[in-house]
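Each remark here refers to the structure printed beneath this line.
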Ligand code: ADE
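And the structure:
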């Protein structure tokens, strides 16, 4: 993975030469390039900031050096590829383990570390026309600039890149994997200052240890992070036309959503029914009870915009695979990247031991098939479901570190 970081304080990024990330760079797994923004200034003072239009406190980073910096990074003669640009900002969407996991699959990231009151917005707007851009916040507090945030994000992302961590098993049970915090850990001696290591951990009983650890993870999460136990929703990573809606949340569906899901399915599969000249498509023939029945058997997520459900997807285990389906995007927001983001979310929720993803679609659903192919799926079979010809598509889980 290549990572470019642009900052007016390149020295802030020096810790990236230490520890695991330093070793990964020396091993050729990471190619981290830190750039001084001031090399793209042309005045005597090498100035990078100016007063804000409209008044107000502080200074704003000027667009010209940033524009030149991004042009230099994406110089088309050198490479046709584009990085995924991350702009750390307290005004961004929250960076979390899901976002880290998703960015870890990118071959090339670039970080634009702003200072002062931030970077002239036109830089971010223009960059968005050339490459995917994510404005991300470490949390609800304000740092002096984007450098510390970039350091934290680079560390969280790169440790998920295959090969960077020696013991990749440790990734599967750490905090925030599977939406839970980590269980407490102990080492020798068995008794320290009158405190014993929990007996179950010394029992050698593997299954009992697993049960104890899972119970500890749940208890700890409920106590320390009740928001994770009953999530109000995670920010959905959107890079398409809905990206400006940084407030779109994806949340587990509840039974109360069944009616809306039924309506959404009608709206979504109508075009397909017309195309096939048949309304005998499962998603169109089911009633409210059917929806409630499958909701009890699948994990289902919904995305709301201005109060209404605009997208949904469901998934469940099928042997060694994670079966993803009922991908729905409301007709008026189709083509905005929501379907892709829903697929990525559903894939990201797959239990760690599963090895691949499967999706089914009608044999004539060319639009769906195209979306799945773009997401890396390939046709793996044809079958007949209640009289309807269906196509099965399969994608192996991208990284073996998760297995
Ligand atoms: N820059 C300043 N504060 C920040 C924060 N909380 N997250 C990311 N970048 C920042």
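Residue numbers (our numbering): 12 to 414.
Cβ atoms here follow ideal geometry from the backbone N, Cα and C, with glycine treated the same way.
Just so you know, these numbers come straight off a predicted model, no measurement behind them.
Checklist entry - For the ligand HEM, is there a heavy atom less than 7 Å away from the beta-carbon of residue 383? => result Absent from the structure shown: the ligand HEM. Ligands present: the ligand ADE.
Next on the checklist: I need the DSSP call for residue 197, collapsed to helix, strand or coil.
Outcome noted: Residue 197: coil per DSSP, three-state reduction.
Checklist entry - Helix or strand or just coil, what does DSSP make of residue 316? => result Strand.
Next on the checklist: Taking 7 Å as the cut-off, is the C-beta of residue 152 nearer than that to any heavy atom in the ligand ADE?
Outcome noted: Yes, Cβ of residue 152 sits closer than 7 Å to a heavy atom of the ligand ADE.
Checklist entry - Distance, Cα to Cα, residue 285 vs residue 291? => result Looking at the two C-alpha atoms, the distance is approximately 11 Å.
Checklist entry - For residue 105 versus residue 148, is the C-beta distance shorter than 8 Å? => result Less than 8 Å separates the beta-carbon of residue 105 from that of residue 148.
Checklist entry - Taking all protein chains shown into account, do 16 or more other C-beta atoms lie within 10 angstroms of the C-beta of residue 206, making it buried, or fewer, making it exposed? => result By the neighbour-count rule (16 or more Cβ atoms within 10 Å), residue 206 is not buried but exposed.
Next on the checklist: Which residue marks the beginning of the beta strand (DSSP E) containing residue 372, and which one marks its end?
Outcome noted: Here the beta strand (DSSP E) through residue 372 covers 367 to 373.
Checklist entry - So, helix, strand or coil for residue 42, using DSSP? => result Note: residue 42 maps to strand in three-state DSSP.
Next on the checklist: Are the CB atoms of residue 349 and residue 321 within a distance shorter than 8 Å?
Outcome noted: Yes, Cβ-Cβ distance for residue 321 and residue 349 is below 8 Å.
Checklist entry - DSSP beta-bridge partners for residue 203? => result Under DSSP, residue 203 forms a beta bridge with 206.
Item to check | Cβ separation of residue 369 and residue 400, assumed to be a contact under 8 Å, to the nearest whole Å | outcome: Actually they are not in contact, since the Cβ atoms of residue 369 and residue 400 sit about 17 Å apart, beyond 8 Å.
Item to check | Beta carbon of residue 208 nearer than 8 Å to that of residue 197 | outcome: Cβ atoms of residue 208 and residue 197: closer than 8 Å.
Checklist entry - Do residue 167 and the ligand ADE come close, with the Cβ less than 7 Å from some heavy atom? => result Exclusion of residue 167 from the 7 Å shell around the ligand ADE follows from its C-beta lying no nearer than that to any non-hydrogen atom of the ligand.
Item to check | Segment contact flag, the segment 206 to 225 with the segment 153 to 172, C-beta cutoff 8 Å, min 3 pairs | outcome: No, because fewer than three Cβ pairs between the segment 206 to 225 and the segment 153 to 172 fall closer than 8 Å, the two stretches do not touch.
Next on the checklist: residue 138 and residue 81 - do their beta-carbons sit closer together than 8 Å?
Outcome noted: Against a cut-off of 8 Å, the Cβ pair of residue 138 and residue 81 comes out as a contact.
Item to check | Contact check, residue 32 vs residue 114, beta carbons under 8 Å | outcome: Contact flag unset, no.
Item to check | Residues bridged to residue 353 (per DSSP) | outcome: Looking at the DSSP assignment, residue 353 forms no beta bridge with any residue, so it has no partner.
Next on the checklist: Can you tell me whether residue 156 sits near the ligand ADE, meaning its C-beta is under 7 Å from at least one heavy atom of the ligand?
Outcome noted: Yes, the beta carbon of residue 156 sits closer than 7 Å to at least one heavy atom of the ligand ADE.
Item to check | Residue nearest to residue 188 in terms of C-alpha spacing, selected from 374, 362, 395, 352 | outcome: Of the candidates 374, 362, 395, 352, the one whose C-alpha sits nearest the C-alpha of residue 188 is 362.
Checklist entry - What are the boundary residues of the beta strand (DSSP E) that includes residue 13? => result From DSSP, the beta strand (DSSP E) with residue 13 extends over 13 to 18.
Item to check | Residue range of the beta strand (DSSP E) that includes residue 103 | outcome: Residue range 95 to 105 is occupied by the beta strand (DSSP E) that includes residue 103.
Next on the checklist: According to DSSP, is residue 407 part of a helix, a strand, or is it coil?
Outcome noted: In this structure, residue 407 counts as strand in the three-state DSSP scheme.
Checklist entry - Do residue 95 and residue 117 come within 8 Å of each other at the CB atom, strictly closer than that value? => result The answer is yes: Cβ separation under 8 Å.
Item to check | Nearest-angstrom Cα separation, counted from residue 61 out to residue 372 | outcome: Residue 372 and residue 61: Cα-Cα distance of roughly 54 Å.
Item to check | Helix, strand or coil at residue 412 [DSSP, three-state] | outcome: Summary for residue 412: the model assigns pLDDT 38, below 50, so the residue's position carries little reliability; its value from the coordinates is reported in the next sentence. Residue state, collapsed to three classes: helix.
Checklist entry - Residue ranges of each beta strand (DSSP E) run of no fewer than 3 residues wholly in the segment 98 to 176, ordered along the chain? => result Along the segment 98 to 176, the beta strand (DSSP E) occurs as fully enclosed runs of 3 or more residues at 119 to 123, 144 to 148, listed in sequence order.
Next on the checklist: Quick check on DSSP: helix, strand or coil for residue 292?
Outcome noted: Coil at residue 292, not helix or strand.
Checklist entry - Looking at the structure shown, is residue 186 part of a helix, part of a strand, or coil, going by DSSP? => result DSSP places residue 186 in coil when its eight states are reduced to three.
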